[in-house]
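Below you'll find the structure, written out as structure tokens, and then a few comments.
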Amino acid sequence: MADRPSGAGQGDNRPKLSLHVPEPKFRPGDAVDFSHLQVPEAGTAIRPDETCDPKEMHELAYGLVRVLGEDNKAHGAWDPKLDPETLRKMLGHMAMTRAFDERMFRGQRQGKTSFYMKCTGEEATSVSASMALAADDMVFPSYRQQGILIQRGYPMIEMINQIYSNKGDKLKGRQLPIMYSSREHSFFTISGNLATQTPQAVGWAMASAIKGDSRIAATWVGEGSTAEGDFHSACTFATVYNAPVILNVINNQWAISSFSGFAGAERTTFAARALGYGLAGLRVDGNDALACYAAEQWAANRARANAGPTLIEFFTYRAEGHSTSDDPTGYRSAQERTEWPLGDPVTRLKDHLIALGEWDEERQEKMDLEAAEHVKKTTKEAEANGILGHGLHHPFRTMFEDVFEELPWHLKEQAAQAIHERETKFPEGLPNRGKGA
Amino acid sequence: MSETQTKDVPEKVQDAERRLNMIEAINDALDVSMAKDPDVVVMGEDVGYFGGVFRCTAGLQDKYGKTRVFDTPISECGIIAVAVGMGAYGLRPVPEIQFADYIYPGLDQLISEAARLRYRSAGEYVAPMTVRSPFGGGIFGGQTHSQSPEAIFTHVSGLKTVIPSTPYDAKGLLISAIEDNDPVIFFEPKRIYNGPFSGYYDKPAQPWKRFDESVVPEGHYSIPLGKARRVTEGDRVTILAYGTMVHVVEEVCKQKGVEADILDLRTLVPLDIEAIEASVERTGRCLIVHEATRTSGFGAELSALVTERCFYHLEAPVERVTGFDTPYPHSLEWAYFPGPIRIGEALDKILAE
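Residue numbers (my numbering), protein chains in the order written: chain G, 180 to 616; chain Y, 2 to 354.
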């Protein structure tokens, strides 16, 4: 028992305090019942003007913006009224993202790389949101936004080269798989340290405003990582400087094995975090591709009009494990995925297109097949550059490059040592490479 | 010995009569950099309208406007993070952390982000920021306004660490740091902002204007990072120091009549190893002096380097004089400070071997 100051015995009649440690509703084997989740009818949320005072958005921070209804039709003021061609593109990017995830996950299981992370069930939060931005708006993603790269047309072979850390990897095999970077696609280098990108996006947006540019910034962070101080810094700087930035919070309910309650979800919504900062706050059905698009578009319009930053909570569900390194059946009920009341984003968008008479199951099947074939073919091409651990990596000296712009003496000495070690181990040259590689 | 001349000013004493203290020299460096490059922005707590708690940014907001010189929230994490984002955009931010002791909330953004951007993106993104921060003790700042955390940063791959010891150097080094495309930690020894410090706290302080190192030319000049400065030339012992301690060791050597080869390192990473080796090979003795705590301090690195590289030239074991491994105590500040007695005894010891 902790020491108490002497003379403090007058507290003897006071009630005992107790510590609350959050506990998710369902654990492995539990029957799942999500009836406690309030899911409003599609089309019921108000859509204020993009330049409105955040004070007018109170109910949007606690409600849920939904467009696609049970009837698979688009409803209400948030309907972005996209043409069928755009909707088919959206569906195509989401299907491609899912096919990519399937193949890469399998590749990790086959020992072709060390690590992978799927975004199954969350495709709309990156694909649809990204479609609502301009191609040169700067994005600061977390690690589950591969949909942005696919939507922006980043060559898939570059993604796979990076995942394999092979000799074709533009990041020279330095980064954990899926930590992509593409300046050409206005896609910031992914960190791996959580939430660091959030205030960086605010800084980029501030710079854009300082320069009188017209480009805005958007960043993605998981609900679990909103607990980091960086997130608080991001919200503070965003509101203080009225930065042209969108803070997307992906509430997929789980941070590895910790449910959203460990980031405060038992008490309030993540969108409601916006209110205290004076940010515009939107809570959105993250499995509703149209709602995701509409919300991001609203926030982009707001930022571009110098009307201020927006915090969007995308309410979704992480249908798979956190990564290839965890088994979700060890900490949550398998029924959660099937019982999730907001459905699957790909299925919902497909059903919407079918309801519009602009799509059918045959075409969907063909598209899925073509996506799988495309990924398979690209994977083969990437494998010609090598897979992790098979020696087709970048030359040893590259390990020392880019620590600084110029190589200082101590790194030159260490590079010589690394090359000496290689020559000692492989006097005839590296396998698969020849001497001098 | 590496050259100590500047890149574009052949003679140090060009404008013989303009004398500045270190605060004015830093202000001048910021002014010159902002005038030259519209991408340079200055930000930090109280740096805008007020001009900084030590006045290093005085007048800059008036001259360059509120979008290039501005106050920030009290969030070192946020300050460094937005500087990373601004650097990714193409700006050249110069954030001020009000005291080095406050820098710790920004460490993740410095260590995992700023220092790693170039490497992890294979050069697609860089962080060309210069983090200025007053550091060191001797002004009765207590344990939260006195620390010397340079070794935390020298241990991080991808960061450069620079510490000036004179107004002339402060300007030239700061301009180099701002123009450098890598993140630079620029620690300003606040005890010598207004004048060099002999280590005798009970003697009257001397203003910079009485010393030639306060002659600061107008306009642009730079001092390359990674080049040490020879303070005094001597054959008996090499003394490696930086910041405030440069002046203290100089005074101690003068008092004791020791002809020492004093090197002001100026940049800890990248280090001027050539100058160190050349000097130690000549003198055969090496004393390392810093104000920071001893264990795992930068002196440990210097001692290891000298021992590894100059062992057969050494006539005596390498000696370190440092602050003690305690927090910086307010009332016992001068008991903590590695002053003339500690340095003098170490000199006696190393010279007696």
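All C-beta atoms, glycine included, are put in the ideal place defined by N, C-alpha and C.
Taking 8 angstroms as the threshold, the shortest C-beta distance from Y/L92 to chain G falls below it.
Residue pairing by DSSP places G/F284 opposite no residue, since no beta bridge is assigned to it.
The DSSP-derived three-state label of G/D191 is helix. Exclusion of the five residues before and after G/G248 leaves A221 and H254 as the residues of its chain whose Cβ lies within less than 6 angstroms of its Cβ. In chain order, P74, S76 and G79 make up the part of chain Y whose C-beta sits under 7 angstroms from the C-beta of G/T415. Here G/W588 is exposed. Its C-beta has fewer than 16 other C-beta atoms within 10 Å. In the structure shown, G/S437 falls within a strand segment according to DSSP collapsed to helix, strand and coil.
According to DSSP, G/M317 shares a beta bridge with G/A396. Residue-level contact by beta carbon holds for G/T368 and chain Y, with a gap shorter than 8 angstroms.
Taking the CA atoms as reference points, G/K291 sits about 33 angstroms from G/E518. Each of Y/K210, Y/L264 and Y/P205 was checked against the Cα of Y/Y169, and the nearest Cα belongs to Y/K210. In terms of CA proximity to G/N372, Y/A115 leads the group Y/A115, Y/P225, Y/R231 and Y/T239.
The continuous alpha helix (DSSP H) containing Y/P341 extends over residues P341 to A353.
Interface flag for G/G332 against chain Y is unset, since no Cβ pair is found closer than 8 angstroms. Counting the other CB atoms within 10 Å of its CB gives G/L454 a total of 16 or more, which places it among the buried residues. For G/I435, not one C-beta of chain Y is nearer than 8 angstroms to its own C-beta. Per the DSSP secondary-structure output, Y/R133 pairs in a beta bridge with Y/E97 and Y/F187. Counting only Cβ-Cβ distances below 7 angstroms, Y/N182 has contacts in chain G at E584, in chain order. Straight-line spacing of the CA atoms in G/H573 and G/F205 works out to 46 angstroms.
Chain Y has no Cβ within less than 8 angstroms of the Cβ of G/R576.
At a cut-off of 8 angstroms between beta-carbon atoms, G/N485 makes no contact with chain Y.
Annotated as proximal: Y/A128 and Y/G88, with beta-carbon spacing under 8 angstroms. Across the set Y/Y329, Y/H156 and Y/V41, the C-alpha of Y/V41 shows the shortest separation from the C-alpha of G/A386.
Pairing Y/S76 with G/V419, the inter-Cα distance amounts to about 12 angstroms. Among the CB atoms of chain Y, none fall inside 8 angstroms of the CB of G/M546. The beta carbons of G/A444 and G/A388 sit no closer together than 8 angstroms. When DSSP states are grouped into helix, strand and coil, Y/L269 belongs to the strand group.
When secondary structure is reduced to three states using DSSP, G/K234 falls in the helix class. Linking Y/A293 to Y/F136 through their CA atoms gives a straight-line distance of about 10 angstroms. Listed along chain G, the residues sitting closer than 9 angstroms to Y/R121 by beta-carbon distance are L350, R353, Q354, M358, S360, T368, I369, S370, G371 and D581.
Of all alpha-carbon atoms in Y/Y337, Y/D349 and Y/P341, the one lying nearest the alpha-carbon of Y/G143 is that of Y/Y337. The beta carbons of G/L490 and G/A474 sit no closer together than 8 angstroms.
Assignment of beta strand (DSSP E) within the segment 19-76 of chain Y, counting only whole runs of 3 or more residues, yields 41-45 and 70-72 in chain order. By the rule that beta-carbons nearer than 8 angstroms mark a contact, G/G382 touches chain Y.
Residue burial is scored here from C-beta neighbours: G/F366 has at least 16 other C-beta atoms within 10 angstroms and is therefore classed as buried. Rounded to whole angstroms, the gap between the alpha carbons of G/L590 and G/V554 is 39 angstroms.
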